[in-house]
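The structure appears below as structure tokens.
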Amino acid sequence: MDFYGTSHEIKKLVVLLVEEKAQFRVRGNEISVVATTAILKQLISKWPAVFETDTKILRSILQDSRVFFKGNNFSFDVTTDPLIYSILNITPDSFYDGGVNTDIEMVLRKIEKEKQAGASIFELGGKSSKPNFADISAEEEWARIAPYIKEIKKSFPDIILALDSNTDDVIERALNEGIQIINDIDGFESERKLELVSEYHPAVVTMFNGRNNPENSQTFQKDLKKYFMNSIAKLSECGLDMSSIVIDPGVGFSNVRVLKFDLLKMKAIELLSELNVPLMIAISRKSFTSKLFDLKEDERLIPTLLFESCMVRAGGRILRVHDVKETKEMIEILKIFK
Numbered sequence: 485m486d487f488y489g490t491s492h493e494i495k496k497l498v499v500l501l502v503e504e505k506a507q508f509r510v511r512g513n514e515i516s517v518v519a520t521t522a523i524l525k526q527l528i529s530k531w532p533a534v535f536e537t538d539t540k541i542l543r544s545i546l547q548d549s550r551v552f553f554k555g556n557n558f559s560f561d562v563t564t565d566p567l568i569y570s571i572l573n574i575t576p577d578s579f580y581d582g583g584v585n586t587d588i589e590m591v592l593r594k595i596e597k598e599k600q601a602g603a604s605i606f607e608l609g610g611k612s613s614k615p616n617f618a619d620i621s622a623e624e625e626w627a628r629i630a631p632y633i634k635e636i637k638k639s640f641p642d643i644i645l646a647l648d649s650n651t652d653d654v655i656e657r658a659l660n661e662g663i664q665i666i667n668d669i670d671g672f673e674s675e676r677k678l679e680l681v682s683e684y685h686p687a688v689v690t691m692f693n694g695r696n697n698p699e700n701s702q703t704f705q706k707d708l709k710k711y712f713m714n715s716i717a718k719l720s721e722c723g724l725d726m727s728s729i730v731i732d733p734g735v736g737f738s739n740v741r742v743l744k745f746d747l748l749k750m751k752a753i754e755l756l757s758e759l760n761v762p763l764m765i766a767i768s769r770k771s772f773t774s775k776l777f778d779l780k781e782d783e784r785l786i787p788t789l790l791f792e793s794c795m796v797r798a799g800g801r802i803l804r805v806h807d808v809k810e811t812k813e814m815i816e817i818l819k820i821f822k
């Protein structure tokens with residue numbers, strides 16, 4: 485945002501911006517400001533006491549900067565409050581919870597408990613995508629998740645269900661069963677997937693997969709932003725609104741097994757927030773924490789929460805997690821310190 489005024493007005497605005505810890509640069513009688521939504525709200529509330537002009541323009545900027553996540557039968561305002569998106573892996577070999585969610589009644593109890601703890605969306609996955617995973621057939625993947633979709637929708641008719649899959653046939657079957665969100669680790673890069681998006685108009689999570697795309701540490705964040713601009717454009721051409729497109733930088737998905745790229749992806753959140761679409765934080769218990777601290781899967785919760793909190797503050801808005809209760813507590817702590 486750029487502000488113009490007399491030297492006296494500029495001085496008053498500088499005081500206000502310093503109070504709110506906004507980033508700004510003064511050039512004569514002009515100030516360029518970079519402000520979060522929370523800071524913008526504070527400026528609007530304090531403006532009338534400092535200046536005689538109204539806040540109409542600021543309120544218009546705030547309205548334009550709001551971020552929603554919308555799909556079939558759901559709409560969330562994620563401008564300031566993150567959303568909790570629970571992972572339900574129906575697999576024997578996922579890196580953290582493989583073999584845990586293999587009983588339908590247990591999964592139903594887990595969903596009820598996590599709904600009360602703060603989860604808004606539940607994602608089913610029928611195959612592992614961990615490094616060096618063994619792929620399975622579409623039939624086997626569908627056989628794992630189909631009974632769960634039926635029973636979950638029967639027990640929770642209003643639930644928002646997502647599918648984690650990069651298999652065309654499984655995606656189509658799930659959409660026919662009423663799945664509202666498709667999370668594709670390959671970023672909808674096949675023509676068939678784009679055809680399905682055009683036909684069914686689900687909400688989507690499009691991910692940058694470093695196993696399929698080149699990664700250059702010198703230009704990585706700019707390349708990542710360009711990748712998502714292209715991905716958003718393709719999905720928009722399929723008829724999706726921007727509010728139905730979530731982007732995920734793909735932490736943990738790389739052919740270069742070094743910490744550098746995981747950190748670059750996490751730090752890219754602030755740059756990617758300029759695209760004004762919902763940003764997913766999908767780092768729950770991933771192996772980058774073991775590269776830092778030599779931790780086993782069941783020891784990774786604390787660093788996960790700390791990195792997630794940093795990414796929320798940078799603009800991440802949808803938290804894809806294994807630990808719903810602890811994530812909700814982290815979000816509430818962040819609210820206290822806003």
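Residue 485 is where the sequence shown starts when you use our numbering, and the numbers rise one by one after that.
For glycine and all other residues, C-beta sits at the position ideal for the given N, C-alpha and C.
Since this is a predicted model, take the numbers as computed values, not measurements.
Proximity winner among the options, relative to residue i (alpha-carbon distances)
| i | options | result |
| --- | --- | --- |
| E598 | K540, K809 and E683 | K809 |
| T575 | Y569, V591 and D565 | V591 |
| G876 | S570, V681 and I515 | Residue 876 falls outside the range modelled here, since the chain spans only 485 to 822, and no answer is possible. |
| I655 | R797, S674 and K637 | S674 |
| S549 | I665, N760 and E679 | N760 |
| I820 | G662, R797 and S727 | R797 |
| S491 | T539, A506, P686 and V510 | V510 |
| E792 | E816, L678 and F508 | E816 |
| T651 | I629, K638 and S738 | I629 |
| M726 | L803, L763, R593 and T703 | L763 |
| I636 | I595, A627 and G671 | I595 |
| L785 | D807, L776 and I802 | D807 |
| G671 | E683, S649 and R657 | S649 |
| E758 | S639, V551, E661 and E504 | V551 |
| M691 | D565, S613, Q702 and R657 | S613 |
| A627 | I802, R657 and L790 | R657 |
| P641 | I545, S728, K540 and N557 | N557 |
Opening and closing residue of the beta strand (DSSP E) in which residue i lies
| i | result |
| --- | --- |
| F508 | Q507 to R511 |
| E514 | E514 to V518 |
| I665 | I665 to D668 |
| I802 | I802 to V805 |
| D548 | Looking at the DSSP string, D548 is not in any beta strand (DSSP E); the run it does join, the alpha helix (DSSP H), is K540 to D548. |
| F487 | D486 to Y488 |
Endpoints, alpha helix (DSSP H) assigned at residue i
| i | result |
| --- | --- |
| I716 | F704 to E721 |
| V735 | Taken as a continuous stretch (DSSP letters only), V735 belongs to no alpha helix (DSSP H), as it is neither H nor E. |
| R784 | No alpha helix (DSSP H) contains R784, which DSSP labels as neither H nor E. |
| D652 | D652 to N660 |
| F560 | Premise fails: F560 lies in the beta strand (DSSP E), F558 to D561, not in any alpha helix (DSSP H). |
| F772 | F772 to F777 |
| V681 | E675 to Y684 |
| E816 | V808 to I820 |
| E598 | I588 to A601 |
Assumed close pair residue i, residue j - CB separation to whole angstroms, cut-off 8 angstroms
| i | j | result |
| --- | --- | --- |
| E493 | F535 | 7 angstroms |
| K709 | L756 | 6 angstroms |
| L659 | V688 | 11 angstroms between Cβ atoms; not a contact. |
| I765 | G736 | That belief does not hold up - the Cβ atoms of I765 and G736 are roughly 12 angstroms apart, past 8 angstroms. |
| V517 | L500 | Between L500 and V517 the Cβ distance is about 10 angstroms, and since that is not below 8 angstroms, they are no contact. |
| A519 | M485 | 7 angstroms |
| I571 | E607 | 6 angstroms |
| F553 | V730 | 7 angstroms |
| I663 | P686 | 7 angstroms |
| N697 | Y711 | 7 angstroms |
| P631 | I669 | No, P631 and I669 are not in contact; Cβ-Cβ is about 23 angstroms, not under 8 angstroms. |
Check whether residue i and residue j have beta carbons under 7 angstroms apart
| i | j | result |
| --- | --- | --- |
| A601 | K744 | no |
| L645 | S604 | no |
| K751 | P733 | no |
| V805 | S768 | yes |
| E625 | G610 | yes |
| I824 | G555 | Residue 824 lies beyond the stretch modelled for the chain, which goes from 485 to 822, so this question has no answer here. |
| A618 | D653 | no |
| I515 | L497 | yes |
| L504 | I523 | Note that residue 504 is Glu in the sequence shown, not Leu. Yes, Cβ-Cβ distance for E504 and I523 is below 7 angstroms. |
| I753 | M814 | no |
| N739 | R695 | yes |
| T788 | L779 | no |
| T521 | T586 | no |
Helix, strand or coil at residue i according to DSSP, with G and I counted as helix
| i | result |
| --- | --- |
| M691 | strand |
| D642 | coil |
| K495 | helix |
| L608 | strand |
| L567 | strand |
| M750 | helix |
| K637 | helix |
| K554 | strand |
| I528 | helix |
| I574 | coil |
| L763 | strand |
| V730 | strand |
| L724 | coil |
| E503 | helix |
Short CB-CB distance (under 7 angstroms) between residue i and chain D
| i | result |
| --- | --- |
| K554 | Any reference to chain D falls outside this structure, which holds one protein chain only. |
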